[in-house]
Amino acid sequence: MIFNKKEIAENIFYVGVNDRLKEKFENLIPIPYGVSYNSYLVKGEKTALIDSVDASMSDLFVEKLHSALDKGETIDYLIINHIEPDHSGAIRFLRQFFPKMTIVGNKKTLNMLDGYYGILDNTLLVKQGDELDLGTHRLTFHLTPFVHWPETMMTYETTTQTLFSGDCFGAFGTLDGGVIDTEINTKKYWDEMYRYYANVMGKYGTSVQKALQKINKLEIKSICSTHGPVWKNEKDKMLDIYDKISKQEGEKGVVIVYSSMYGNTEQIAEAVAEGIVKEGIKDVIVHNVSKSNHADILKDIVKYKGLVIGSTTYNNDFHPEIKSLVSKIENTEVKEKVFGYFSSCSWANVVDKKLKEFAEKMKWETVEVSINEKMSMKQENYEKALLMGKIIAQTINK
Ligand code: FEO
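Heads up: the sequence shown runs through residues 238 to 635, numbered per the working numbering.
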């Protein structure tokens with residue numbers, strides 16, 4: 238196969254691959270635009286490969302590497318910033334072609350390297366601040382635990398000021414012809430970045446904040462994540478958004494999620510939305526929990542400040558789709574929401590209490606408007622729904 242070398246900084250080459258086959262990332266999150274597994278080759282007197290790819294793409298990956306290496310060149314080091322198998326699955330295959338390659342990782346990484354692949358030999362342990370001199374290039378290592386897994390770290394190349402950031406700043410979506418943000422339309426990646434953050438990294442906001450403070454001391458020209466484009470022109474925008482989402486600040490807008498078997502509960506959601514818009518908030522996103530994918534709903538919940546959840550009573554419990562979503566929100570440890578809720582039933586309402594308990598557990602600022610509908614929406618509840626929307630909007634607008 239023929240591959241052109243994609244140089245992203247002086248003597249640093251993109252050698253990642255696109256995955257358009259996988260339906261769900263981590264067997265959970267739909268990826269309609271696919272995903273890239275990014276890997277980078279840093280060439281000096283010695284050559285280092287930064288992260289590898291999913292096992293399913295091993296063959297293509299090795300072909301790409303052979304195209305990128307000049308005659309007589311080999312891979313001296315494999316730096317593992319993150320050992321989750323979407324970035325390490327190719328390692329055993331890779332070692333067959335580059336048997337002398339030294340695998341570089343921190344203590345936790347090397348333990349996992351043994352645990353996943355039984356690899357114990359030809360490794361190099363690095364600690365916070367350690368350096369690896371490749372000749373022209375010099376790599377320094379920065380431990381950033383729990384951005385996404387406990388072993389995660391970032392690698393900084395000092396001469397080109399390139400940061401290899403692991404999953405941090407990643408986005409779903411394949412790289413279609415171009416790799417660097419300057420050569421492609423990045424529009425689709427921003428939404429996919431939010432979706433990636435909310436569903437993969439969302440739980441680890443505190444760790445992301447610590448990592449941001451650590452890399453704040455570095456002069457950065459390029460950010461090279463393990464997924465999505467290389468960020469150069471738009472790196473400051475990325476850093477700014479990451480700072481805000483990891484602090485869970487939330488943009489000015491409200492997400493309304495409801496379950497409704499016959500459209501009655503949906504009418505309450507419509508009225509809440511009406512109340513919000515009347516107060517001048519333009520970003521109102523209404524999700525039917527049974528139709529919208531939960532990964533998309535979670536993305537919007539993480540992105541915006543306001544959240545309203547409405548559930549029908551179903552077999553003496555939440556509607557099953559709301560129950561599943563509520564569990565995902567808890568698991569992601571979503572914080573700092575302005576929250577409202579409403580419930581409905583045909584004869585016995587049990588979900589009002591459950592939503593109240595949920596709000597207390599999440600420690601959110603909850604609007605005190607109680608809406609418990611029986612069968613179809615009545616005038617009184619229509620007025621209350623408008624009021625709920627109004628108060629939520631006013632709280633966000635403060
Ligand atoms: Fe892209 Fe946490 O793996």
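From the three backbone atoms N, C-alpha and C, an ideal C-beta is built for every residue, glycine too.
Quick one: give me the first and last residue of the alpha helix (DSSP H) that residue i is part of.
i	result
serine 564	557-569
tyrosine 314	Run containing tyrosine 314: none in the alpha helix (DSSP H); it sits in the beta strand (DSSP E), 314-316.
threonine 502	501-515
aspartate 256	It is not in any alpha helix (DSSP H) - aspartate 256 instead sits in the beta strand (DSSP E) that spans 254-256.
histidine 303	295-305
aspartate 589	588-599
Could you check how far apart the C-beta atoms of residue i and residue j are, in whole angstroms? I think they sit under 8 Å.
i	j	result
isoleucine 559	serine 497	Actually they do not touch by this definition, with Cβ atoms about 10 Å apart.
valine 272	phenylalanine 409	5 Å
serine 581	glutamate 610	4 Å
arginine 375	threonine 396	6 Å
glycine 543	lysine 484	Wrong, their Cβ atoms sit about 17 Å apart, outside the cutoff.
isoleucine 316	alanine 285	6 Å
isoleucine 452	leucine 400	6 Å
valine 467	isoleucine 268	No, valine 467 and isoleucine 268 are not in contact; Cβ-Cβ is about 20 Å, not under 8 Å.
threonine 534	alanine 630	Checking the displayed sequence, the identity of residue 534 turns out to be isoleucine instead of threonine. At roughly 20 Å, the Cβ-Cβ gap does not stay under 8 Å, so isoleucine 534 and alanine 630 are not in contact.
tyrosine 541	glycine 490	4 Å
glutamate 390	phenylalanine 378	Reading off the sequence shown, one finds methionine at residue 390, where the question assumed glutamate. Yes, methionine 390 and phenylalanine 378 are in contact; Cβ-Cβ is about 6 Å, under 8 Å.
Using a threshold of 8 Å, state whether the C-beta atoms of residue i and residue j are closer than that.
i	j	result
aspartate 367	valine 384	no
leucine 362	leucine 347	yes
asparagine 470	aspartate 418	yes
serine 304	serine 289	no
asparagine 493	valine 514	What sits at residue 493 in the sequence shown is isoleucine, not asparagine. No.
threonine 632	glutamate 602	yes
glutamate 388	asparagine 359	no
glutamate 300	methionine 238	yes
Quick one: give me the first and last residue of the beta strand (DSSP E) that residue i is part of.
i	result
arginine 375	375-380
isoleucine 287	284-287
glycine 230	In the structure as shown, the chain begins at 238 and stops at 635. Residue 230 is therefore absent and cannot be evaluated.
phenylalanine 406	Unbroken run through phenylalanine 406: none, as it is neither H nor E.
leucine 362	360-362
glycine 626	Careful: glycine 626 lies outside any beta strand (DSSP E), inside the alpha helix (DSSP H) at 616-634.
glutamate 429	No beta strand (DSSP E) contains glutamate 429, which is instead part of the alpha helix (DSSP H) from 424-433.
methionine 391	390-394
isoleucine 245	243-246
leucine 369	368-370
Hey, would you say the C-beta of residue i is under 7 Å away from at least one heavy atom of the ligand GDP?
i	result
methionine 390	Ligands present in the displayed structure are limited to the ligand FEO, and the ligand GDP is not among them.
**OP:** For the ligand FEO, enumerate in chain order all residues having a CB closer than 7 Å to any of its heavy atoms.
**Re:** His319, Glu321, Asp323, His324, His385, Trp386, Asp404, Gly407, Val437, Thr463, His464
Original post:
Which runs of the beta strand (DSSP E) fall wholly inside the region 319-348 and span at least 3 residues, in chain order?
Top reply: 339-342
Subject >> Secondary structure, beta strand (DSSP E): runs of 3+ residues fully inside the region 479-503 >> reply: Whole beta strand (DSSP E) segments, 3+ residues: 488-495.
Subject >> Uninterrupted alpha helix (DSSP H) stretches inside the region 511-547 (no shorter than 4 residues) >> reply: Segments of the alpha helix (DSSP H) lying fully in the region 511-547: 531-540.
**OP:** Could I get the ranges of all uninterrupted beta strand (DSSP E) runs contained in the region 448-478, with 3 residues as the minimum, in chain order?
**Re:** 459-462
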